[in-house]
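Participant: The sequence shown begins at 47 in our numbering and counts up by one. Note that beta-carbon positions come from the ideal geometry of N, C-alpha and C, so glycine has one too. Quick caveat: nothing in here was measured; it's all calculated off a predicted structure.
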Amino acid sequence: MQLTKLHYVIEFDIKGFFDNVNHPKLIKQIWAMGIRDKHLIWIIRQILKAPIKMPDGSMSFPDKGTPQGGIISPLLANIVLNELDHWVESQWQQHPVIHKYSAKTNSTGSLDYGNGYKAIQGWCLMVYSL
47 MQLTKLHYVI EFDIKGFFDN VNHPKLIKQI WAMGIRDKHL IWIIRQILKA
97 PIKMPDGSMS FPDKGTPQGG IISPLLANIV LNELDHWVES QWQQHPVIHK
147 YSAKTNSTGS LDYGNGYKAI QGWCLMVYSL
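1. Ignore the nearest five residues each way along the sequence and tell me which others in LYS99's own chain have a CB closer than 7 Å to its CB.
2. Going by alpha carbons, who is nearest to ILE60 out of LEU122, GLY115, HIS132 and LEU127?
3. Is the stretch 64-82 touching the stretch 114-127, taking contact as three or more C-beta pairs under 8 Å?
4. Assign THR179 to one of two classes, buried (16 or more other C-beta atoms within 10 Å of its C-beta) or exposed (fewer than that).
5. Could you compute how far the alpha carbon of ASP109 sits from the alpha carbon of SER136?
6. If you draw a straight line from the alpha carbon of ILE89 to that of GLN114, how long is it in whole angstroms?
7. Compute the Euclidean distance between the alpha carbons of LEU86 and ALA78, then round it to the nearest angstrom.
Right under this line is the structure:
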């Protein structure tokens, strides 16, 4: 944050996120990203549907979620969350309040919408208090 001179961060805590990753959607997202290696995608599918040994000794075959503690889980989560990130950005960039405030250019060349964010924050507080 210090290097890019960012002033605001949006943080999400999605309860049960890793347990609810949609396998077919994830595979489609990987393909859409340009990863077209069918052998790699086959391996990812095998990882996603690897059997889980339950405490009673039975085996469960997951149809959603990523393996807990799996080395690839954070990478797969980032692929899924990339879509959410783009959606959040689109909501911010197209919010009517932001167009009333000029954007300043940071030393890194990126745009600083800090004043617009403050206005949105005030607007959200106003709506919430209604």
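Facilitator: On the basis of the coordinates in this document:
1. MET105
2. LEU127
3. yes
4. What is shown of the chain runs 47 to 176, which leaves residue 179 out entirely.
5. 31 Å
6. 17 Å
7. 14 Å
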